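Top to bottom, those sequences are chains A and B. Reminder that position 258 of the first sequence reads as 382 in our numbering, one-by-one numbering, no gaps. Reminder that position 276 of the second sequence reads as 277 in our numbering, one-by-one numbering, no gaps. By construction, the Cβ of each residue, glycine as well, lies at the ideal position given by its N, Cα and C atoms. For clarity, every value in this text was computed on a predicted model and none was experimentally measured. Down below is the structure, laid out as C-alpha cells.
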Amino acid sequence: MAGRLNRLVDFAPVLIALLLALVVSSVLLIALNANPFEAFDFMLKGAVGSENATAETLVKATPILFVGIGITIAFRGGMINIGGEGQMIAGALAGVTVALVLGEARVPAEMAKTPGAFDLIIVTCSLLGGFLMGALYGGLAGFLKAYFDVNEILSTIMLNQIAVQMMNFLLNGILLDPAEAGFNNIPKTARLVTAAQLPRLSLPIGDPWLFARTRLHWGLIIAMVLAVIIYIFLWRTSWGYRIRAVGENQRASSYAGINVKRQMMFSMFLAGGFAGLAGVVQVLGLQYRLQTDGSPAGFTGAAGFNGIVAALFGGLNPIGAIPAAAFFGGLLVGAQKMQRELGVPASLITAVNGLIVVFVVSSEIFILQRSKRRVSEGEDETPTPNPSSKMREGPSPTEDENSGEGDG
Amino acid sequence: MRKILTIGLLVLFALVGVTSLAQDDVFRIAALMPSATNDLAFSQSMYDALVAIQEELGEDAFEFTIQDSTYIVDDAAVALRDWAASGEFQLVIAHGSQYGPIVEELAAEFTDVSFAWGTRQDTFGMDNVYSYAAASDEGGYFNGVLAAHLTETGVVGLVGPIEVGDGKLYADGFANGVASVDEEIDVNIVFIGSFSDVPLATEAAETHIANGADVLTGTAQMVVGPIAVAVANDVLWFGSDASQDELSEDIGVAFQIYKWDVLLLDMIANIKDGVLGGEYYKLTLENEGLVMEFDKDFEVSDELMALADDVIASIVSGEIVPIPEMMADDKAEEKTEEEGED
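Next up, the structure:
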C-alpha cells in the first residue's frame, strides 16, 4: 500500500511539471497574439484528434521507442549514449543496402511494385543488418570507453558527425538512386521493392479497418514486443542483472567478479543496435528509401535525441518508454498542427516543445531524490540509476588494475 | 410565432448558404517550406509570392496556409497528408526538391487533389502533379559576369547547399558567367552538403576569403552565414532566391529574385479550369519569373548598368546560353522522347 502511494506521489511532480510547462508556453503564445486554449486544442487534435492523427503520433513514436529502449539499456549499464542519431544512420545505411541487394536478387523487375508483396527473408535480413551495424557503431564507443577510457559522451557525439558525412557521401555515390544519376541528383537511394517493405498495420475494427488508410506500420509492434523482451532481459536474466550491477556501481561489480569492460561494451552494443533498428525501420516501414537533406535530423527526425528524453521520462524502464515515446510522438505531431492552424512561427513550436521536455524531465530529479531517500531509509526499492553519479564513484574500472576478467 | 420562427430560420439558412457559397469561391493553397519564411532566400521567395497573389486577388478570393521550417522530410509527409486529406485546399505545394518522393506517393493516393513541387522537372507522369523550377543558371550567369568585372584579386567564392536543383544550376551558371569574361579568374565552389547548416556555410565563406576571394555568392537558406562573413570582411556579395538587401548592408551588389507568383497564377487558372496537373513550369528572365535587382546601397556605374542590360537581353534572346551542356542534354532528351513517340 505504501509502495503504491509512493508511486502516486512520484507521478505528481510530472503532472505539476506538465502544468507549469503549459502555463509558461501560454505566456509565449499570448505574447504572439495566439489564444493558448485554442493552441493546445489544436495540439491535442493534431496528436489524437482523428484516426490519421493518432496513427501519425504512433508513427512518430516508433523510432523514438526503439532508441529509448537502447538508451535505457545503456543508461542502466552506466553508459551515456548520445549517439542515437549516428547509430540510426549507420543502421539505416546497412539495412537499406541489404534490402536493395536482396530485393534485386530475389524479386524480378516486373514484380518490384506488386501491391501486398512481402518477402520475410529480405525484411528479416535488412532488420538484422540494421541492428548489427548500429550495434557495431555503438559498440565502438563502448570499446573506446572500456579499454581507452574515452569519454563516451564525446565519442558518440563525434561518431554522429562521422555517420552523417558517411551518409552524405554514400547517397551521392554508390548508393545514389540510378534514376537520379546525372546532371541534377537528389541524394537518395532507389525505392525499395514492395516485398522489402514493412507492411502497413491496421486493426480489425470497423470497415475499413482502423488505421487502414494511414501510414502506421508493423515497426510499432516490433518495437513494443522488443520493449517487453528487453524488460525481461534486464530484470529477469543474469545478463541483464550484470548490466544493471555495472550501472549501479562499477567497482562493486568488479569485486563481485563481473567483467565490467565487457558489460560496458555490451550495453553500448545493444543500445546502438536498437538505434540501428530505429533507422532501418524508418526506411522499411515509412520512407521506402534513404534520403537526406544533408543534415542528420533530415532523416532521423531527431529521434536519436528524443529517444533519450523518452527513456528518462519512462523511468529508464523499457515498458515505461512505450507511453513516453507515444507522449513525445504526440507532442511533436500535435505541435505541427498547432503551427499550421495558428500560423505561429516554427521557432515558437520548438520552444513550447522544449519547455515541456525541460519541465517534465526536471521533475525526474525530484523523483530520483525521493527514490534515493527511500532506499537510504531501508525501503525495498531500487533507485533509478543516475548516469552522472558514476563520476562521483571514484576511478572507473579501466583505471582499476583489479577489474574482473570473468563473468558472474 | 411559428411564422416568425420559420422566416427566421429561412433567413438563417439563406445566410449560411450565402456564406458557404462565398467560401466555395475562395481558392486555398497550402504550402510547405523547408526553412523560415523570413530566410531571405528560398522559402521567403515562395511566401512573398503567396502574399503577392493574395494582394492581387483579394483576401476574400484567395487564402493560404503554410508550415515552414520543415527540414525533417518525414514531418513534411505528416503535413502534406493532413492537407490533402482535409479536402480544404485546391493546391498543395511542397516547396523543396527533397519532398518529391512524398508528393509522388500522396498524389497517387489523393488523385482529386492538385499538388505542386519543385524545384525539379518531374511530374511523375501524374495528372494531378505540377512541377516547377527556376532557371537560376540565368541569374547565376548574370551575377558571374558582374563578379568577374568587379573582382580585383581574381578569386571569387561560391557557397552552395547540396549539389542539386536550382542551387546546382546557379553555381554552374555563375562559373560560366565568370569564365565568359576571364577564364583566368578562379571560381572556388563549395557545396556544404546541407541546405540549413549556417555554421558550416559560414566556415566555407571564411575559407574562401582566406584563399583570396574578394567576391562571394551563394544560394539556399544558409547564406545568412556567408553574408555576415562578407559584411565583416568588406567583401562584395551576390545573392539569389530573394532580395538580401536588408542583410547585406553596403556590400551587396545584385540579387536574383524568384517570382513564383508568375507560375502560381497560371496554375490557379488551370486548376479552376479542371486541369489538376501534368505540367512543368520554369521561371526565366524571359517570362519575368526571374528578376535581377541591384542592391539599393550599391552605386551602379553607367558602364556596369549597360553591361547588365546587355547580358539580360542576350540571355532572353537566346544569344547567351548559360549552361550549353544542359541545353545539349535537354535536346537529347527531347529527341529520345520524339523517337519513343514515333
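Item: Enumerate in chain order the residues of its own chain whose CB-to-CB distance from T178 (chain A) is below 6 Å, with the five nearest sequence positions on each side excluded.; Value: V172
Item: Give the residues from the segment 460-474 of chain A that approach chain B closer than 9 Å (Cβ to any Cβ), ordered along the chain.; Value: Q460, K461, Q463, R464, E465, G467, P469, A470, S471, I473 and T474
Item: Check whether chain A comes within 8 Å of V222 (chain B), counting only Cβ atoms and requiring the distance to be less than that.; Value: Here residue 222 (chain B) turns out to be Gln, not Val, going by the sequence shown. With 8 Å as the cut-off, Q222 (chain B) does not count as an interface residue toward chain A.
Item: Anything in chain A within Cβ reach of A37 (chain B), meaning under 8 Å, just list it in chain order.; Value: P469, A470 and S471
Item: Does DSSP put W238 (chain B) in a helix, in a strand, or in coil?; Value: strand
Item: Could you give the residue range of the beta strand (DSSP E) that holds F116 (chain B)?; Value: S115 to G119
Item: Output, in chain order, the set of chain A residues within a Cβ distance shorter than 9 Å of T66 (chain B).; Value: R464, E465 and G467
Item: Taking the alpha-carbon positions, what's the S451 (chain A) to A369 (chain A) distance?; Value: As written in the sequence, residue 451 (chain A) is Phe, which differs from the Ser given in the question. Going from the Cα of F451 (chain A) to the Cα of A369 (chain A) covers about 30 Å.
Item: Taking DSSP as the reference, what is the three-state secondary structure of M203 (chain A)?; Value: coil
Item: Drop a sphere of 10 angstroms on the beta-carbon of K237 (chain A), count the other beta-carbons inside from all chains shown, and report buried for 16 or more, exposed for fewer.; Value: exposed
Item: At the level of alpha carbons, what is the spacing between A23 (chain B) and A231 (chain B)?; Value: The predicted position of A23 (chain B) is uncertain, since its pLDDT is 43 and thus under 50; a value taken from the coordinates is nonetheless stated next. Their Cα atoms are separated by approximately 50 Å.
Item: At a cut of 8 Å, does the segment 50-58 of chain B reach the segment 74-83 of chain B through at least three beta carbon pairs?; Value: no
Item: Of the residues that make up the segment 416-428 of chain A, which ones have a beta carbon closer than 9 Å to any beta carbon in chain B?; Value: T416, D417, G418, S419, A421, G422, F423, T424, G425 and A426
Item: Considering only residues of the same chain and omitting the five flanking positions on each side of L472 (chain A), which have a CB-CB separation below 7 Å?; Value: L152 and L156
Item: Can you list, in chain order, the residues of its chain whose CB lies under 6 Å from that of V534 (chain A), leaving out five sequence neighbours each side?; Value: This structure gives no information on residue 534 (chain A), because the portion of chain A shown stretches from 125 to 532.
Item: Report the residue from B:L217, B:A221 and B:V182 whose alpha carbon sits nearest the alpha carbon of K169 (chain B).; Value: B:A221
Item: Closer than 9 Å by beta-carbon distance: list the chain B residues that pair up with L410 (chain A), in chain order.; Value: D75 and A78
Item: Using CA coordinates, which residue listed in B:A176, B:L248, B:F192 and B:G140 is at the minimum distance from G161 (chain B)?; Value: B:F192
Item: Starting from Q245 (chain B), follow the alpha helix (DSSP H) in both directions and report where the run begins and ends.; Value: It is not in any alpha helix (DSSP H) - Q245 (chain B) carries neither H nor E in the DSSP assignment.
Item: Which stretch, first to last residue, makes up the beta strand (DSSP E) that contains F272 (chain A)?; Value: Note, F272 (chain A): premise wrong, no beta strand (DSSP E); alpha helix (DSSP H) at L244 to F272.
Item: Are the C-beta atoms of E180 (chain A) and some chain B residue less than 8 Å apart?; Value: yes
Item: Between the segment 89-104 of chain B and chain A, which residues of the former have a C-beta closer than 9 Å to a C-beta of the latter?; Value: G97, S98, Q99, G101, P102 and I103
Item: In the structure shown, what three-state DSSP assignment does K273 (chain B) receive?; Value: helix
Item: Where do the ends of the beta strand (DSSP E) carrying G161 (chain B) lie?; Value: V156 to G161
Item: Out of A:G227, A:A265 and A:G266, which one is the CA nearest neighbour of T566 (chain A)?; Value: In the structure as shown, chain A begins at 125 and stops at 532. Residue 566 (chain A) is therefore absent and cannot be evaluated.
Item: Output, in chain order, the set of chain B residues within a Cβ distance shorter than 8 Å of P311 (chain A).; Value: I163 and V165
Item: Starting from V52 (chain B) and walking both ways along the alpha helix (DSSP H), at which residues does that stretch end?; Value: F43 to L58
Item: Taking only beta-carbon atoms, is N176 (chain A) less than 8 Å away from chain B?; Value: yes
Item: Which residues in chain A have a C-beta closer than 7 Å to the C-beta of S44 (chain B)? List them in chain order.; Value: Within chain A, no residue comes near S44 (chain B); the closest Cβ sits about 10 Å away, beyond 7 Å.
Item: Spell out whether any CB of chain B is found under 8 Å from the CB atom of N292 (chain A).; Value: yes
Item: Sorted by chain position, which residues of the same chain lie with C-beta nearer than 6 Å to A218 (chain A)'s C-beta, five sequence neighbours on each side aside?; Value: G253, G254 and M257
Item: Classify T186 (chain A): buried if its beta carbon has 16 or more other beta carbons within 10 angstroms, exposed otherwise.; Value: buried
Item: Within the 8 Å Cβ cut-off, does A86 (chain B) reach chain A?; Value: yes
Item: Report yes or no: do three or more beta-carbon pairs, one from the segment 273-288 of chain A and one from the segment 134-153 of chain B, lie closer than 8 Å?; Value: no
Item: Mapping DSSP to helix, strand and coil, what is A176 (chain B)?; Value: helix
Item: Can you find a CB in chain A that lies within less than 8 Å of the CB of Y72 (chain B)?; Value: yes
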